[in-house]
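Q: Residue numbers are given in numbering that gives the first Met the number 0: position 148 of the sequence shown equals residue 147, and the series is strictly consecutive.
In this text, a Cβ means the ideal position worked out from N, Cα and C, and glycines have one as well.
Computed from a prediction, not measured in an experiment: that's the story for all the values here.
Have a look at the structure that comes next, please.
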Amino acid sequence: MTPTAPRPFGRTLCAMITPFTATGALDLGAARAHAAHLVAEGCDGLVLSGTTGESPTTSDAEKAELLRAVRAEVGDGVPLLSGVGSADTAHAVRLAREAEEAGADGLLVVSPYYSRPQQTAVEAYFLRIAEATAIPLMLYDIPGRTGTRIEPETLLRLADHPRIVAVKDCAYDLLGSTKVLARTSLAYYSGCEELNLPLYAVGGAGYVSTVANVTPRRMRAPLDAFDAGRTDEAARLNGLTVRLTELMMAGGLPGAVTVKALLDAGPVREPLQPAGREAVDGLRAAYEELLAS
């Protein structure tokens, strides 16, 4: 029972953290090691410089440097996407061109945030970025963070552009997502772990997961079971990840903080702060429980 959904960047993608040294500098050695581990443990592709990668606090030069280092580590066979969204269209275009030059296979482009532009402006923003490079785009729909939805009707129009090929879906609107899936060839990737399996079951391409930094094989197991036609097993395996997902993604701390707490992967950059001892203990308990299940 293999889904026929397009998968331009693979099926199981990790929204990778950006490791820093104890003094807060970019730790390229740790980034390369983590990327290699994720690929070895079942991630088809990696998304760099997203929010989980602390993109608001990394410089444009650091983003390009990180991408080049990870590309050198994993080779050309692993799709790499780079986050290039901005509240400033001109800045997003510059980031897109720099990511293409540094070796990105695709661009993760979040809708313009805070200013809450109207839909015609949102559409124009994505089209400007799509025209700026020769590599494909994954549009990132996360209105809870940006303040602006990419409305289904806007997505239906944007799908006509040959380089707009995918959506990272954090809109929590399964009806709207299904509508776009039914009428376009856009590849839908869940950006909310609790919706990985439901979205996949209605034709989604896979996921872009923060939790996969910590437990990549456990995150992909439900999709593997679903592809094999074992839908009851897929649901069971999906249920096993709920507690860890809830603590990591809905416990009041950003994903970058919870991942780094579990992996002991160096500091976060301010304004983020490290997880407290009580939070770390809870995360570790949930993680160990998942591994034992």
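Put L106 into one of helix, strand or coil per three-state DSSP.
A: Here L106 sits in strand by DSSP.
Q: Looking at the structure shown, is S85 part of a helix, part of a strand, or coil, going by DSSP?
A: Here S85 sits in coil by DSSP.
Q: Does DSSP put I128 in a helix, in a strand, or in coil?
A: Note: I128 maps to helix in three-state DSSP.
Q: Just to check my reading of the structure: V258 and N212 have Cβ atoms closer than 8 Å, yes? What is that Cβ distance to the nearest angstrom?
A: The Cβ separation is near 5 Å, so the contact holds.
Q: Any idea what DSSP makes of A24, helix, strand or coil?
A: The answer is coil: DSSP assigns A24 none of H, G, I, E or B.
Q: Give the single residue among L174, Y124, R182 whose Cα lies nearest to the Cα of P197.
A: Nearest of L174, Y124, R182 to P197, Cα basis: L174.
Q: Pairing CB atoms from the stretch 178-195 with CB atoms from the stretch 154-165, are three or more of them under 8 Å?
A: These segments touch.
Q: For C169 and I141, which I take to be in contact (beta-carbon distance under 8 Å), what is that distance rounded to the nearest angstrom?
A: Contact holds; Cβ gap of about 4 Å.
Q: Using 8 Å as the threshold, is the C-beta distance between L282 and A260 below it?
A: Cβ distance < 8 Å, so L282 and A260 count as in contact.
Q: Rounded to whole angstroms, how far is the Cβ of T240 from the Cβ of L194, which I believe are closer than 8 Å?
A: Not quite, the Cβ-Cβ distance comes to about 12 Å (not below 8 Å), so this is no contact.
Q: I think R6 touches A233, with their Cβ atoms under 8 Å apart; what is that distance to the nearest whole Å?
A: Rounded, the Cβ-Cβ distance is 18 Å, inconsistent with contact.
Q: Exposed or buried, which one is H33 when buried takes at least 16 other CB atoms within 10 Å?
A: Label assigned to H33: buried.
Q: By the three-class DSSP mapping on this structure, what secondary structure does V46 have?
A: Of the three classes helix, strand and coil, the one that applies to V46 here is strand, per DSSP.
Q: In angstroms, rounded to a whole number, what distance separates the CA positions of A220 and G203?
A: Roughly 16 Å between the two C-alpha positions.
Q: Do the stretch 129-148 and the stretch 83-101 touch if we need at least three Cβ pairs shorter than 8 Å?
A: These segments touch.
Q: What's the gap between the Cα of S292 and the Cα of R217?
A: Rounded to the nearest angstrom, the two C-alpha atoms are 10 Å apart.
Q: Please report how far the alpha carbon of S189 lies from the alpha carbon of V166, in whole angstroms.
A: Going from the Cα of S189 to the Cα of V166 covers about 8 Å.
Q: Quick one: Cα of E287 to Cα of L243, how far?
A: So the alpha carbons of these two residues sit roughly 9 Å apart.
Q: Enumerate in chain order the residues of its own chain whose CB-to-CB distance from Q118 is below 7 Å, with the five nearest sequence positions on each side excluded.
A: So the qualifying residues of the chain are E150, T153.
Q: Per DSSP, what kind of secondary structure is A63 in: helix, strand or coil?
A: Helix, per DSSP.
Q: Look at the alpha carbon of F19 and the alpha carbon of S184, and state the distance between them as a whole number of angstroms.
A: One C-alpha to the other measures close to 38 Å.
Q: Taking all protein chains shown into account, decide if S54 is buried (16 or more other Cβ within 10 angstroms of its Cβ) or exposed.
A: Buried is the call here.
Q: Where DSSP assigns a beta bridge to D168, which residues make up the other side?
A: Paired residue(s): D140, S189.
Q: Mark Y113 as exposed unless 16 or more other C-beta atoms lie within 10 angstroms of its C-beta, in which case mark it buried.
A: So Y113 counts as exposed.
Q: Output the boundary residues of the alpha helix (DSSP H) element that contains L155.
A: 151-157 is the extent of the alpha helix (DSSP H) around L155.
Q: Measure from the alpha carbon of A249 to the alpha carbon of each residue in V210, M15, A98, R93, then state which is nearest.
A: A249 has its Cα closest to that of V210, out of V210, M15, A98, R93.
Q: My output table needs one value for T11: the three-state DSSP class, helix, strand or coil.
A: Three-state DSSP puts T11 in a strand.
Q: State the Cα-Cα distance for the pair P273 and D159, rounded to the nearest angstrom.
A: Those two C-alpha atoms are separated by around 43 Å.
Q: Nearest-angstrom Cα distance between L271 and R93?
A: If you take the alpha carbons of L271 and R93, they lie about 26 Å apart.
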